[in-house]
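Residue numbers (UniProt numbering): 1 to 718.
Have a look at this one:
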């Protein structure tokens, strides 16, 4: 819709009111919650210290669940959806489109294979955008000669891949993803398709063979001056800056196979020294910001993880529709795309699709003021694009490389505001979330955009441990933002609306969810063995409030999950991972964050492994849960699973031996609760006692968890 002056915006926003049935559900659940509170206060035990404190603990856990339920539905109440008009963008600004710098970050060639990295790079180079205004930078924090070799090969392959993509309007523009699709019934296209596929296959084979060998052959090293830099690399933690402009987009000779300009392509490995903190991904991003400002200085920056390729060649133009809108564009600091995964199983074994978050929560957060920055698939404003549109970068490639070495040196940030007031924030494991929150506190708006064709596709963890470790970092980082001096209690409440702060609390409070969840998983089971009732009798009318609150909420969650393209089994898997995360990842994340903030431990950034063994990959495809290695996380999971099965068996035994059925009336809720936890933990029991493959739970974990769970049950019984 245009305004009174006939102006047509570059994007529009549509709101979506919640259906009546959803509003009725929220109202009735609210009534049930209030009834539960009344019951807890009215029937507080007056005799027995243990009984009273167990009851009070249940009340506080339920108060927490109620608060968290409230902020979750506050977000879902009035979602909005964004739509762009790229045709209007082209009509008005095609000749004045801003330069765009794209940052791709990698840190370990073993966990993030070179062939995967360059597929992401190639997909970014192939955007539907003027190539002379596009620059792609790779930050290699692992200073890997193998990554540099792969980048060199990608620069050569791009001369054929980019014109092929544009000629046939290829989607997606990651070669690996595209060549899994059969060519169309077009003889001309089929011929070129086979030719390009062979080129890609040869390149892929060469890179993978070299990667297995672990070093680049001397013959290949002589092909480019950049390889000589590795003669001076002591280790990945102690080396000089390496900057190599593999394609200089300003060079008239930098042409593809059809004589068209190529985008700029740069390899960067910033200097590292044991004497200086390197600040993990935030440090790498800040080095990229400085280096790119000297080479291309694009006013718009896109950053992606190295496993997240472009799945939509129009994403860049979509983002510009927000930044360049004449009425609202000047308010927007960043445009966030969802983090979509391409390798989740049919039933989402580890709950990694994040579909409910990105389809239900983020549109609501956008309505309340704008999403957080999630670290990948995000377009940022560097400066006002109009003010830098005419700035020309001078100097040849060799001179620029030498100048940029200083910008990426360890000492450059000393006694500056980098990492404090400039660039990405330091001192937080979730540097992206902290940075995004800081941007919002400065008055900028953020926008969430989820187009019909996904903008980016990445890799989800393929083992349970990888999933839980990732969740540990995310939850701990969100808690650190909450408690930091730049968080809601200090800067946030003065600059961000309360409704948006409460929306962010869904994630800020992830880690804190561990305590009420653990209480509900452990205490009712132990009290069942001890004969302490914590819920209304089955014959009491008060039981209806508890039953309705639980089953109606789970039913709503199921409908929501199915609406987000999930399956029933996928929802059940999601319930399992929900409990696993809250009882392990969030607990470790909470404790680790508090210890770090008190100065007892140091920050450590864990790269999520993108590679699994062949056997583990097969089990993942078959949706068999992967354990495989000893871990304190698995100790907790196994102990809780065994504790509840012992409690459930004890409860059933009490019911069978009770002639008057008083036990069943008194303890139905606790028996049902233990039974549900047992059902959720069926893969854990299989891993403990029945599986023989390498993905089973190690014997050491089994023995430890048996001892602890039996000891806990013994104490409860006596």
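Ideal Cβ positions, reconstructed from N, Cα and C, are used throughout, including at glycine.
DSSP places residue 11 inside the beta strand (DSSP E), whose first and last residues are 11-15.
Residue 255 carries a strand assignment under DSSP once its states are collapsed to helix, strand and coil. If you draw a straight line from the Cα of residue 263 to the Cα of residue 448, it comes to about 27 Å.
Taking 4 residues as the minimum length, the alpha helix (DSSP H) runs contained wholly in the stretch 461-541 are 464-483, 498-508, 514-530, in order along the chain. Pairing residue 352 with residue 7, the inter-Cα distance amounts to about 42 Å.
Taken in chain order, the whole beta strand (DSSP E) runs of length 3 or more contained in the stretch 412-457 are 445-448. Between residue 479 and residue 512, the beta carbon gap of about 7 Å places them in contact (Cβ cut-off 8 Å). Per DSSP, the beta bridge partners of residue 272 are 239. Note that the C-beta distance between residue 505 and residue 359 is not below 8 Å. DSSP places residue 36 in the uninterrupted alpha helix (DSSP H) bounded by 20-42. Residue nearest to residue 270 within the set 405, 457, 569 is 405 (criterion: CA-CA distance). Taking C-alpha positions only, residue 641 is separated from residue 654 by approximately 20 Å.
Per DSSP, residue 139 lies in no alpha helix (DSSP H) segment; the continuous beta strand (DSSP E) that holds it begins and ends at 134-140. Comparing alpha-carbon positions, the option among 542, 620, 77 lying closest to residue 42 turns out to be 542. Here residue 378 is bridged, per DSSP, to 303, 336. Exposed is the label assigned to residue 169, since fewer than 16 other Cβ atoms lie within 10 Å of its Cβ. Where residue 202 is concerned, the enclosing alpha helix (DSSP H) starts and stops at 187-213. By alpha-carbon distance to residue 163, the top candidate from 186, 130, 149, 135 is 130.
Look at residue 110 here: in three-state DSSP terms it is coil, with no helix or strand label.
Secondary structure note for residue 548: its alpha helix (DSSP H) is the uninterrupted segment 543-563. Within the model, the alpha-carbon separation for residue 568 versus residue 348 is close to 10 Å.
In this chain, residue 601 is not harboured by any alpha helix (DSSP H), its DSSP state being neither H nor E. Bridge partners of residue 103 according to DSSP: 137, 303.
Bounds of the alpha helix (DSSP H) holding residue 289 are 280-295.
Per DSSP, the unbroken alpha helix (DSSP H) holding residue 362 starts and ends at 362-368. Note on residue 422: under 16 other CB atoms within 10 angstroms of its CB, so exposed under the neighbour-count rule.
In the DSSP assignment, residue 157 falls within the unbroken alpha helix (DSSP H) covering 145-168. The C-beta distance from residue 299 to residue 99 rounds to 7 Å, short enough to meet the 8 Å contact threshold. Residue state for residue 680 is assigned as helix, using DSSP reduced to three classes. Bounds of the beta strand (DSSP E) holding residue 81 are 80-84. No Cβ-Cβ contact shorter than 8 Å links residue 409 with residue 127. The C-alpha of residue 297 lies about 9 Å from the C-alpha of residue 289. With three or more CB-CB distances shorter than 8 Å, the stretch 427-440 counts as touching the stretch 363-377. Residue nearest to residue 476 within the set 132, 585, 419 is 585 (criterion: CA-CA distance). Here residue 244 carries a strand assignment [DSSP, helix/strand/coil]. With 16 or more other CB atoms across the displayed protein chains lying within 10 angstroms of its CB, residue 148 is buried.
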